[in-house]
Each structure stands twice: as C-alpha cells, then as structure tokens.
Amino acid sequence: MTPRPVGRILWLGAWTLFLRELRRYSKEALETVLAPAFQALVYFVILVFALGPERGTDEGDALLSHAMPGLILMAVLFRSAETTAFSLLLDRMEGIISDVLMAPLGAAEMTAAYALAGAVSGLATGAVVLAGAMLVWPLPPVHFWALPVFAALSALMMSLAGMLIGLFCEKWDHLAAAFVFVLTPLTFLSGVFAPVDTLPAAVAFAVRFNPIFHAIEGFRYGFLGSGTGGDPLASLAVVAGTVVVLLACNGVLIHRGYKLKP
Amino acid sequence: MSTHLPPLPRDIGTVNWIGLWTLYQREVYRFLKVYTQTIAAPVVTTLLFYAVFALALGGVVRMAGSVPFLVFLGPGLIVMAMAQNAFANTSSSVVIAKVQGNIVDVLMPPLYPLEMAVAYVGGGVTRGMFVGVVTGIAIWAFVPLGIHSPAYILFHGLMASMMLAQLGMIGGIWSEKFDHIAAFTNFVVTPLTFLSGTFYSVDRLPPAFWWLAHFNPFFYMIDGFRYGFIGQSDGTLAIGVAVMLGINAALGVLLLRMLSSGYKLKA
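From first to last, the protein sequence lines stand for chains A and B.
Positions 0 to 261 (numbering that gives the first Met the number 0) are the ones given, in order, by the first sequence.
Positions 0 to 266 (numbering that gives the first Met the number 0) are the ones given, in order, by the second sequence.
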C-alpha cells in the first residue's frame, strides 16, 4: 500500500486543525466573547462614573476617547493569547496533543493553524467589543486603515506569544503566572487607560521597548489620529517585526518537538 | 461463650472540633500551597489597578471629598481584593470537589452543616484577610494610608470576607460545572466589586445610580472599610454596619439550609 499523497502542503489537515481550534473558542462563547466584552464595559463605566462632575467636559471626554481604543484592543490581545496558550497546554497535559502530532502535519502547518485560529478568535471577540463600544461611546476613526492592520497584526503577535506560553508551561499554575505577572502588566502599563507620558519617566522610556505598547499606540492612532505623538509606521514595524520573530521561535520549537515529542 | 456486642459509636461531643479544625486547615493549606496564585497574583493585580486608574484619573479627579484621590483609591482596592479572594477560595474549593467527586470526603464525616459552613467560610475569610494584609502593605509602600478607626477596618474587612466567602460557597454548591461558577464570577461578583465605589465616591454618580448604590451591600462594605482609613464616608455608618450584619446572617441561613437539605450535594 502506498502512502496517500498529501501534496506539498496538507491544506485539509491545517484547515481541520484551524477549525477545531475555532470551535473550541466558539463553544465557550459566554467565557470567550461575552465575558471580555462585559469586562471592557465595566472598565469603561468605572471611568465614566469616576469622572463625576468632569463628565462631558473636554478633559473628561478626552480621557474616555483615549481609553476606548485601548479597551477594545486589550480584549483582542488577551483573547488571542488565551486561545492558543490554553489549547496547547491542555492538549499537552491531557496527552491529546498526540492527535495533532500523529497527523502528517509539518511544523509550518501546525504553527499556522494554531496561530491563525488564535488571531481570528481574538479579532472575533474584538469585533463584539468594538460593536458594543460604538454603541456606548461612538468614536469615528480618523485613519481607518490602521484599525484592521494593527488589530490583525497584534492579534497574531499575541496568539504566537500565547503559543510560546502553551509550549513552555508545565501546568496551569505556570500559565496563570505568565498571564498575571507578565502579560497583564505589559498590557496595563502600555497606555491602555492613560497616556504613557503620565508614567514616571524611566517607565515611560522602558515602555517604548514593549511591542504591546506599539500595538495599542497604532490602534489608537487609527481612532484618534496623530494625537498620541508616536509614529504609526514605526509602531507597525515593531509589531510586524515581533510577529516575525515569534513566528520563527514557534516554528523552530514545534519543528524540534520541544516539550511536544519525547 | 462470650457475646460480641457491636462497637459503640465514638462519642464526638456536641461539636466535632477535630473535624471542624481539620476541614478549616485543609481549606487554608489549599490556598497557601499555591500562594503565587492566591496571594501574590491578587497583590500584583491590585497594584496594577492602582497604578493604572491613578494615572488615568489622577489628572482629572484630584480629590475625592477632602482626601486626595490616591488615598481614597487605596482602601477600596484592598477590600475589593479581599472580597474577590474570599469568594474565589470557597467557590473553587466546592466546585472542584463537586466536579471531581471528592466532595464525599466532606459529606461522609460526622460534620453538621454548621461545622461544614464554619470551616469553609473560615478558610475563605482567612484568605481574604491574608490578601488584605499583604495588599495593604504593598499599597502602603507607595502611598502612606492613615488609620482613622481600626475597629471599622477590622469589622468591615471581616464582614466583607465573610459575605463573599458565604456567597462563594452558595455559588459553588449551585454550580454544576466550572462554566457556571465562572459566569457567576464574571457577570455578578466582579462587576459588583468593581462598580460599588472602589474607584469613585458614589456622590459622583448620576442620581439614579446614586440612589441604587444605597441598596447595594457591596457599597456599604467598601464605604465602611474605607471610612476606617480616611474617616470619611458616603453612606450612613450605622446603616452600613446593620447591612453587613444582616446580609451575613441572611446568607448564613441560606447556606445552612442548602447544606442541611443536601441541595445539589447529596443524591
């Protein structure tokens, strides 16, 4: 019996893995879509309420307009990373990763399927948050092109980062630690809520080396225009460069079977 | 020929102190064993919230009543962390035990519902207090908080932890799978802890919400706890004390009824 020819790229396999990952996400829509959207709304309401008499003033409105793009993108970033990290770690811990490793999928196909599913899940959650945001605080985008570009690249960047977390971690404690002690601070201190120049000078300087900051900055540029001071093309380069680096890391690790194969 | 009598049941007295203490200890060891997730993580998260909201709002909202916004924000965040962690301790313990089936280890021993409730809720309160003290010290390092009335801090800290620990146990018993308790956490407990005055004085609320806030036990818990630090409150302090005692008593009755009827615990 001759082996079944699968061609240069196993499209069917990669597509199947991609779909399985997306179904895992959509099956838990209450936790993966509604909960982040609700959380973003809670953050926004906190800001609105806390403004008190400053509500409706220029200063107050500027604060809300600044926060809104950050909150939308934050939902995208976390969801993308969570989808891939949870998936890979769960499969590794349960041993069902062998179902994926047994299939005639190359490292490139596997990486692409996981990473794209993570990114698409983040974007889907982000679309719901965006729709809600536009109802609560309509904000006409100034540079529309930047929104899909930065959203898609940031989602991909974080789904790849999530894959690395899913590969490196040995148990749930590690994964929780990676999110609480690394990803959350990196995101929260990247100007989600407040402009980074309100940070102490040293932190504000350090933040510029954080790709998540550039992701948020670029996305915000799409909504608010050049008001934030940074160069959107430089931010684009940083995010795209990070995607390439993370892609290479994942590709190599998966190719070698790092923590995947005995 | 000697007659064999069946062994007499062991006399455990009115209160099964050993059982109660053992279950309490297990609840405490459960969270101490994973202290990075149960103590360190909430502290880091709380500090992040502190930094982020202080930076976001600090420019526009400089004062809350007669105290600086930063001083106002600290106690609210501490009690929020205490509440969320007291809830997490009991709810996760009960749900995991139910899903894995080892809840029988707690149901089989000769423990009365009251003993079970005290041990579980005690574990949750202990976690709440732990998190409160560590978070308090961490925030203190950045913004020195004065203490106006230790009694109010202690009372409301204890009552807040107890209320949420009881709520966590009730939620845990009600949940049939992790999704249920996650939804309860995400859609009920988290918004209530976030939106009940942690980040703002309720005097800043639009009138309808201001009115609503005075029916929210979470508001009195935060308000009274904060009063202990800054000596300034939005609501009436006596009402706050009464509400906290009342809600804890009501939750306690509900919890005991659930435990004695075996609701979703016994076949």
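Ideal Cβ positions, reconstructed from N, Cα and C, are used throughout, including at glycine.
Would you mind working out which of the options sits nearest residue i, comparing C-alpha positions?
i: Met156(A); options: Val179(A), Val128(A) and Leu115(A); result: Leu115(A)
i: Gln221(A); options: Phe143(A), Ala13(A) and Phe212(A); result: According to the sequence as given, residue 221(A) is Gly; it is not Gln. Here the closest residue by C-alpha is Phe143(A).
i: Phe212(A); options: Leu252(A), Leu134(A) and Leu70(A); result: Leu70(A)
i: Val148(A); options: Thr186(A), Phe204(A), Ala236(A) and Leu163(A); result: Ala236(A)
i: Lys265(B); options: Thr89(B), Trp173(B) and Val142(B); result: Trp173(B)
i: Thr197(B); options: Phe30(B), Met168(B), Leu69(B) and Pro206(B); result: Leu69(B)
i: Tyr119(B); options: Ile169(B), Thr2(B) and Ala181(B); result: Ile169(B)
i: Ala207(B); options: Phe48(A), Ala36(A) and Thr15(A); result: Phe48(A)
i: Tyr111(B); options: Arg9(B), Pro190(B) and Asn15(B); result: Asn15(B)
i: Leu22(B); options: Gly121(B), Ala181(B), Tyr151(B) and Asp10(B); result: Gly121(B)
i: Leu144(B); options: Asn84(B), Asp178(B) and Gly230(B); result: Gly230(B)
i: Glu27(A); options: Val5(A), Leu100(A) and Ser120(A); result: Ser120(A)
i: Leu31(B); options: Gly127(B), Pro205(B) and Leu191(B); result: Gly127(B)
i: Ile152(B); options: Ala50(B), Leu236(B) and Val51(B); result: Leu236(B)
i: Ser160(B); options: Ile146(B), Phe224(B) and Phe141(B); result: Phe224(B)
i: Pro231(A); options: Ala126(A), Pro4(A), Pro2(A) and Leu146(A); result: Leu146(A)
i: Pro139(A); options: Leu21(A), Pro68(A), Ser234(A) and Ile45(A); result: Pro68(A)
i: Ile136(B); options: Asn88(B), Thr184(B) and Gly73(B); result: Gly73(B)
i: Met82(B); options: Gly64(B), Ser195(B) and Ala63(B); result: The sequence shown places Ala at residue 82(B), not Met. Measuring from the Cα of Ala82(B), the nearest candidate turns out to be Ser195(B).
Is the CB of residue i under 8 Å away from at least one CB in chain B?
i: Ile45(A); result: yes
i: Leu70(A); result: no
i: Pro4(A); result: no
i: Phe204(A); result: no
i: Phe85(A); result: no
i: Val237(A); result: no
i: Pro283(A); result: This structure gives no information on residue 283(A), because the portion of chain A shown stretches from 0 to 261.
i: Leu50(A); result: yes
Roughly how many angstroms separate the alpha carbons of residue i and residue j, rounded to a whole number?
i: Val128(A); j: Ser260(B); result: 42 Å
i: Gly117(A); j: Leu188(A); result: 23 Å
i: Leu254(B); j: Gly245(B); result: 14 Å
i: Asp90(A); j: Ile96(A); result: 5 Å
i: Leu54(B); j: Gly171(B); result: 36 Å
i: Val94(B); j: Ile102(B); result: 9 Å
i: Ser48(B); j: Lys260(A); result: Here residue 48(B) turns out to be Phe, not Ser, going by the sequence shown. For Phe48(B) and Lys260(A), the distance between alpha carbons rounds to 40 Å.
i: Phe141(B); j: Ala112(A); result: 45 Å
i: Arg9(B); j: Pro108(B); result: 12 Å
i: Met101(A); j: Arg7(A); result: 17 Å
i: Leu40(A); j: Arg207(A); result: 27 Å
i: Gln56(B); j: Leu50(A); result: The question names Gln, but residue 56(B) in the sequence shown is Leu. Spanning the two alpha carbons is a distance of roughly 7 Å.
i: Phe218(A); j: Ala150(A); result: 7 Å
i: Glu216(A); j: Ile138(B); result: 29 Å
With distances taken between CB atoms, is the gap from residue i to residue j smaller than 8 Å?
i: Gly251(B); j: Gln165(B); result: yes
i: Val242(A); j: Leu159(A); result: yes
i: Gly167(B); j: Gly131(B); result: no
i: Ala214(A); j: Leu62(A); result: no
i: Met158(B); j: Asn215(B); result: no
i: Val242(B); j: Tyr219(B); result: yes
i: Ala80(A); j: Pro35(A); result: no
i: Phe43(A); j: Ala13(A); result: no
i: Ala154(A); j: Leu122(A); result: yes
i: Gly161(A); j: Ala84(A); result: yes
i: Thr125(B); j: Val27(B); result: yes
i: Leu16(A); j: Leu104(A); result: yes
i: Ala40(B); j: Val179(A); result: yes
i: Val141(A); j: Gly229(A); result: no
What residues from chain D crowd round residue i, counting only those whose CB sits closer than 7 Å?
i: Gly121(A); result: No chain D is present in this structure, whose protein chains are A and B.
For residue i, collect the residues of the same chain with a Cβ closer than 6 Å to its Cβ; drop the 5 residues on either side in sequence, then sort them by chain order.
i: Thr110(A); result: Asn249, Gly250 and Ile253
i: Glu53(A); result: Gly59
i: Thr134(B); result: Val42, Thr45, Ile77 and Ala80
Is the CB of residue i under 8 Å away from at least one CB in chain A?
i: Asn185(B); result: yes
i: Tyr199(B); result: yes
i: Pro190(B); result: yes
i: Gln36(B); result: yes
i: Asp233(B); result: no
i: Ala55(B); result: yes
i: Val103(B); result: no
i: Val106(B); result: For the sequence presented, residue 106(B) should be read as Leu rather than Val. Closer than 8 Å: no.
i: Phe224(B); result: no
i: Ala207(B); result: no
i: Val43(B); result: yes
i: Arg126(B); result: no
i: Val51(B); result: yes
i: Arg203(B); result: yes
i: Val33(B); result: yes
For the ligand SAM, is there a heavy atom less than 7 Å away from the beta-carbon of residue i?
i: Leu134(A); result: Summarising the ligand content, the structure contains no ligands, and the ligand SAM is consequently not present.
Short of 8 Å in beta carbon distance, which residues of its chain neighbour residue i, apart from the five on each side in sequence? Order them along the chain.
i: Leu19(B); result: Leu110, Glu114, Val117 and Ala118
i: Leu163(A); result: Leu245, Cys248, Asn249 and Leu252
i: Ala96(B); result: Ile102, Asp104 and Val105
i: Ala181(B); result: none
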